[in-house]
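In terms of full-length UniProt numbering, the sequence shown opens at residue 1 and continues consecutively. For every residue, glycine included, the Cβ atom is placed at its ideal position computed from N, Cα and C. None of these values were measured; they are calculated from a predicted model. Each remark here refers to the structure printed beneath this line.
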Amino acid sequence: MDSSDNPVAGWMLFLLFIVINSIFYGFGSAIQNLNENEVEDKAEQGDKKSKLLLHIINAPGPLIHTVQFYHMLLSFLVGYIQLKSVMSTVSVCLSRTDAGTFFEQTPGQIILFVLVLFMDMILLATFGILVPKRICSHHATGAAYRLVHMVQAGIFLAWPVTKLMELLTNLTVRLFGIDPNHTEDDVTEDEIIDLVDEAHEQGIIQENEAEMIQNIMEFHDKAAKDIMTHRKNINALDDTTLLKDAILYMSEHSNSRYPVYHEDIDNIVGFIHIKDAMEHQNRAEYESKSLMQIPKLVRSVAYIPETRGIDSLFQAMQSKKIHIAIVVDEYGQTAGLVTMEDILEEIVGNIFDEYDESEEFIQPQFDESILMDGLTPLDDVEEVLGIDLGDHAFETLNGYLTSLLGHIPTAEDKEIHANGYCFQILSVENNIIQKIRVEKIQ
């Protein structure tokens, strides 16, 4: 008897189709929910199944091609044999009823075909795809280890066909000028940041968590000049300073390391650690000696260009156990300094110890004015005031206001009007505008 006319053979084939589908789709769901670290640990211990699983996880292409091949092959077989045999059986059953005549005609045959096809699709999608995926995702480890050999056997048997499919695909896409080996990131950096912002707005993640994720995403875009302490704010020591005077100076500040310069800040010869200074202070022979006269007190210091990326700088400082680096500009002059703490703060935010004072660049007042520090980043000023200052070559509010003044700020400079706001200069120190009161012009 022709198997296409045998309903038992048709249903057996359909059942086989569901089993094969369930194995591959269930396995795919299982490896997506596996703990890869556990698999790697077992693979390192010599477990063969773990090694095989790891190979499939790291190179999923053959698995994907195999699933596509078997799905296509069995679809054709079921379409030809199972549908035909089931329709033949149903037609025989219906022929014994009053509706039998209708289903023997073309319209009835079409309706019958659609009904049987719809039933097969529901059964296949439910028991061949959805159910095994749901079960295997909940029992990922057990399912993956039980099915891995069957899946590998299926991949091996289908390899000649899947390899031919891959070659034909690569050849075809090359005709359209596409490199088949080119891969793109599934998600862009901007898309990740958008997802983080949305999650924060919905309350899924906290504000500090969202900020940290964004900091990590932007980490590789920043250079040393973006995070350095400017030369004007460096607490440094002259190399002729006596040890007792140096200790007194360090006790008045909150740093642990201080650059040491010869004659001026552009000639930094090293740095001194407060711990080393304290260890030498009780030795009478060093009390009246300058820093450079004391052996091994001044340590060597690293120099970096201001364009150095902080991601590579972080790795270099970490590997060489460097905690401070001097930033130099294109003319070889000291631009500032960077510490390991500065780099870490770009990820986790400000790190305060017991000696640090909380620094608030922007302080809203009760009279609706705003107090701003001169070193407030211009991006923050634009965001708070809701204005666009356009392209500029400066990064702080002090730099912006100085450019509007056209001269170095002095104590006599009082107010500047720009962009609908009045910037009232409250204090100037060391040629830098320190405090500004900002009010909207009515």
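For residue i, does the three-state DSSP call read helix, strand or coil?
| i | result |
| --- | --- |
| Met228 | coil |
| Phe118 | helix |
| Pro259 | strand |
| Tyr303 | strand |
| Lys435 | strand |
| Ser358 | Residue confidence for Ser358 is low, a pLDDT of 47 falling below 50, so the modelled location carries little weight; the figure read from the coordinates is stated next. It is coil, neither helix nor strand. |
| Val67 | helix |
| Gln318 | helix |
| Val348 | helix |
| Gly336 | strand |
| Ala223 | strand |
| His273 | strand |
| Glu415 | strand |
| Ile31 | helix |
| Ala325 | strand |
| Ile265 | coil |
| Gly386 | coil |
| Glu341 | helix |
| Gly142 | helix |
| Leu404 | helix |
| Gly26 | helix |
| Ser137 | helix |
| Ile409 | At residue 409 the sequence reads Pro, which differs from the Ile that was named. It is coil, neither helix nor strand. |
Who are the Cβ neighbours of residue i in its own chain at under 6 Å, not counting the five residues just before and after it?
| i | result |
| --- | --- |
| His262 | Asp239, Val269 |
| Pro132 | Ser22, Tyr25, Gly26 |
| Lys435 | Leu426, Ser427 |
| Asn33 | Ser137, Ala140 |
| Phe314 | Ile343 |
| Ile205 | Ala199 |
| Ile274 | Met250, Ser256 |
| Asp373 | Phe361 |
| Leu168 | none |
| Ser29 | Lys133, Cys136, Ser137 |
Keeping to the same chain, check which residues put their C-beta closer than 8 Å to that of residue i; ignore five residues upstream and five downstream.
| i | result |
| --- | --- |
| Glu354 | Confidence is the limiting factor: at Glu354 the pLDDT is only 49, short of 50, which leaves the residue's position unreliable and the question unanswerable from this model. |
| Leu389 | Leu378, Val381, Glu382, Tyr400, Asn419 |
| Ile129 | Asn21, Ser22, Tyr25 |
| Asn430 | Lys232 |
| Val384 | Ile362, Ile370 |
| Glu415 | Cys422, Phe423, Gln424, Ile425 |
What does a CB cutoff of less than 7 Å around residue i pick up in its chain, not counting 5 residues either side in sequence?
| i | result |
| --- | --- |
| Lys440 | Gly420, Tyr421 |
| Thr241 | Ser290, Leu291 |
| Leu243 | Ala277, His280, Gln281, Tyr286, Glu287, Lys289, Leu291, Ile294 |
| Lys49 | Tyr145, Val148 |
| Ile20 | Tyr70, Leu74 |
| Asp329 | Glu306, Ala335 |
| Arg134 | none |
| Met150 | Ile23 |
| Asp179 | none |
| Leu397 | Met372, Gly374, Thr376, Leu378, Val381, Ile436 |
Starting from residue i, follow its DSSP beta bridges and name the residues at the other end.
| i | result |
| --- | --- |
| Val39 | Per DSSP, none; premise fails for Val39. |
| Asn237 | Residue 237 is actually Leu in this sequence, not Asn. Per DSSP, Val260. |
| Tyr421 | Ala418, Lys440 |
| Ser312 | In DSSP, Ser312 forms no bridge with anything. |
| Pro364 | Ile370 |
Which whole-angstrom value is the C-beta distance of residue i and residue j, which I expect to be below 8 Å?
| i | j | result |
| --- | --- | --- |
| Ile343 | Ile310 | 5 Å |
| residue 527 | Arg257 | Summary: the structure shown does not reach residue 527, with the chain confined to residues 1 through 442, and so no result is reported for it. |
| Ile326 | Thr334 | 6 Å |
| residue 509 | Leu52 | No answer is possible for residue 509: it lies beyond the span of the chain, which begins at 1 and ends at 442. |
| residue 443 | Ile433 | Any answer about residue 443 is impossible in this case: the structure gives the chain only from 1 up to 442. |
| Ile18 | Leu157 | Going by Cβ atoms, the distance from Ile18 to Leu157 rounds to 19 Å, so no, they are not a contact pair. |
| His65 | Met165 | 6 Å |
| Ile155 | Leu63 | 6 Å |
With 9 Å set as the bound, which would you pick, yes or no: does the beta-carbon of residue i sit closer than that to a beta-carbon of chain C?
| i | result |
| --- | --- |
| Asn267 | This model lacks chain C altogether; it includes just one protein chain. |
Quick check: the stretch 266-284 against the stretch 294-305, are at least 3 beta-carbon pairs closer than 8 Å?
yes
Are the stretch 207-215 and the stretch 319-327 touching, with three or more C-beta to C-beta distances below 8 Å?
The stretch 207-215 vs the stretch 319-327: no contact.
Any chance the stretch 39-58 sits against the stretch 171-179, with 3 or more Cβ pairs inside 8 Å?
no
Does the count of Cβ pairs from the stretch 248-261 and the stretch 222-230 closer than 8 Å reach three?
no
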